[in-house]
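Data block below; observations after.
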Amino acid sequence: MQVIFDSISTQLASAPGEVRRLFHGRGRCFPGCEQLVIDLLPPVAIIRLFTEHPPELIEQLNQYFQQLDNELKPDVLVVQHRYRRENCIEVLWNNSDVDPEQLLQVEELGLRYQVRPLKNQNSGLFLDMREGRRWTKEHSKGKSVLNLFAYTCGFSVAAIAGGAERVVNLDMSRGALNTGRENHRLNQHPMERVKFLSHDLFRSWGKLKREGPYDLVVIDPPSFQKGSFVATSDYRKVLRRLPELTKDLAEVLLCLNSPQLDSDFLIGLVEENCPEFVFIERIANPEDFPDQDEEQALKVLLFRKAQ
Numbered sequence: 516m517q518v519i520f521d522s523i524s525t526q527l528a529s530a531p532g533e534v535r536r537l538f539h540g541r542g543r544c545f546p547g548c549e550q551l552v553i554d555l556l557p558p559v560a561i562i563r564l565f566t567e568h569p570p571e572l573i574e575q576l577n578q579y580f581q582q583l584d585n586e587l588k589p590d591v592l593v594v595q596h597r598y599r600r601e602n603c604i605e606v607l608w609n610n611s612d613v614d615p616e617q618l619l620q621v622e623e624l625g626l627r628y629q630v631r632p633l634k635n636q637n638s639g640l641f642l643d644m645r646e647g648r649r650w651t652k653e654h655s656k657g658k659s660v661l662n663l664f665a666y667t668c669g670f671s672v673a674a675i676a677g678g679a680e681r682v683v684n685l686d687m688s689r690g691a692l693n694t695g696r697e698n699h700r701l702n703q704h705p706m707e708r709v710k711f712l713s714h715d716l717f718r719s720w721g722k723l724k725r726e727g728p729y730d731l732v733v734i735d736p737p738s739f740q741k742g743s744f745v746a747t748s749d750y751r752k753v754l755r756r757l758p759e760l761t762k763d764l765a766e767v768l769l770c771l772n773s774p775q776l777d778s779d780f781l782i783g784l785v786e787e788n789c790p791e792f793v794f795i796e797r798i799a800n801p802e803d804f805p806d807q808d809e810e811q812a813l814k815v816l817l818f819r820k821a822q
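Mind the numbering: the sequence shown is residues 516 to 822 in my numbering, read in order.
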């Protein structure tokens, strides 16, 4: 238990008031804890269990959070039993009027986002992508940005906050883009600099080209989503279009979150389908997401187009 407590303590102190993965067992760095993660989406802390665990573990975590100083102690502590079909939410305590199953506003890198903390795969903000959003915020000034598979527009919010001239967001989900629009409004961004296209990417190349060319393209697709995108077959279709969408010296962030596909998969696809782009670097994952094998974790790779 001590390694869990140590991780929680470190992350609580690292960025007070902001979202964090307090403990990441899924990275297999902590033997015996592979099916446990703990997230903080202030003021809610969520213990996520992917298999059944002894009640003693939950009670020890409960006691640990109870004894925290008030400035670090969450208002709400929830256990999410992800392996159950029913009765999967267990509220250990709630010292506020916050409903952890409803929409909340959280902060990351000084920016505000709407999230639903207890939705399994679609809470509204992928916490492991923080460093990708940080890089985008730091490298978007004055740029025209294309955000593909935009989801709730986290990269777009980061880009506008970093001074991007304009951002075009494309995603098939109108609901996700509506949340993205609200995320921009939460941060008081000039909406005339942001465009939202709820289209099928593979039927929208002409529209995207007319909106371009772009200085920065972010591609963050699902690894496998039947009827939408399958990385092994569809990523190359996107890469083939990059030369006509981008300016000279344009940069591209390619993202992939599949344990079965490594960095070389993406690098090889770029060499094969758009050799004008040269691999520059891999953006490091957040330190609150340690992984025994970084090639099985999230991969965010930066490429730059030759002049």
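Cβ atoms here follow ideal geometry from the backbone N, Cα and C, with glycine treated the same way.
Since the model is a prediction, treat every value here as computed from it, not as a measurement.
Check: If G542 sits next to P805, beta carbons under 8 Å apart, how far is it from one beta carbon to the other, in whole angstroms?
Finding: For a cut-off of 8 Å, the C-beta gap from G542 to P805 is around 5 Å, short enough to register as a contact.
Note to self: Between which residues of its own chain and D715 is the CB-CB distance below 7 Å, once the five residues before and five after are set aside?
What the structure shows: Closer than 7 Å at the Cβ level, and outside the excluded window around D715, lie M687.
Notebook entry, point to check: What separation, rounded to the nearest whole angstrom, lies between the Cα atoms of I519 and S773?
Noted result: If I take the Cα positions, the gap works out to 25 Å.
Checklist line | Whole-number beta carbon distance between A560 and P589, since they are thought to touch under 8 Å | finding: About 4 Å separates the beta carbon of P589 from that of A560, a gap short enough to meet the 8 Å contact definition.
Check: Around the Cβ of L618, are there at least 16 other Cβ atoms within 10 angstroms (buried) or fewer (exposed)?
Finding: It is exposed - the Cβ of L618 has fewer than 16 other Cβ atoms within 10 Å.
Checklist line | Cutoff 7 Å; reference V630; Cβ partners in own chain excluding five residues on either side | finding: Same-chain partners within the cutoff: L556, L619, V621, S638, G639 and L640.
Notebook entry, point to check: DSSP beta-bridge partners for H539?
Noted result: H539 pairs with V552.
Note to self: Let me confirm a value: E786 is counted as buried when at least 16 other C-beta atoms fall within 10 Å, else exposed. Which label applies?
What the structure shows: E786 should be labelled exposed.
Note to self: Let me check you understand the geometry: is the CB of V672 closer than 7 Å to at least one non-hydrogen atom of the ligand HEM?
What the structure shows: Although the ligand HEM was asked about, the structure shown includes no ligands whatsoever.
Item checked: From Y628, M516 and E810, residue whose alpha carbon lies closest to that of A691 -> The shortest C-alpha separation from A691 is found at Y628.
Check: Which residue comes first and which comes last in the alpha helix (DSSP H) that contains Y518?
Finding: Per the sequence presented here, residue 518 reads as Val, with Tyr not at that position. First-last of the alpha helix (DSSP H) with V518: Q517 to S529.
Next item on the list: Determine which residues share a DSSP beta bridge with V683 and list them.
Entry: Note: V683 sits in a beta bridge opposite L661 and K710.
Check: Should N684 and A665 be called a contact, given that it needs their Cβ atoms to be closer than 8 Å?
Finding: Contact annotation: N684 and A665 have beta-carbon atoms nearer than 8 Å.
Checklist line | Buried versus exposed call for T651 [16 or more other C-beta atoms within 10 Å across all chains shown] | finding: Label assigned to T651: buried.
Check: Name the DSSP bridge partner or partners of A560?
Finding: Answer is L555 and L592.
Check: So, do the segment 698–707 and the segment 643–659 have three or more beta carbon pairs nearer to each other than 8 Å?
Finding: Taking one beta carbon from each stretch, the segment 698–707 and the segment 643–659 have fewer than 3 pairs nearer than 8 Å; the two do not touch.
Checklist line | 8 Å Cβ cutoff, W650 in contact with chain D | finding: Given the protein chain composition of this structure (a single chain), no chain D is represented.
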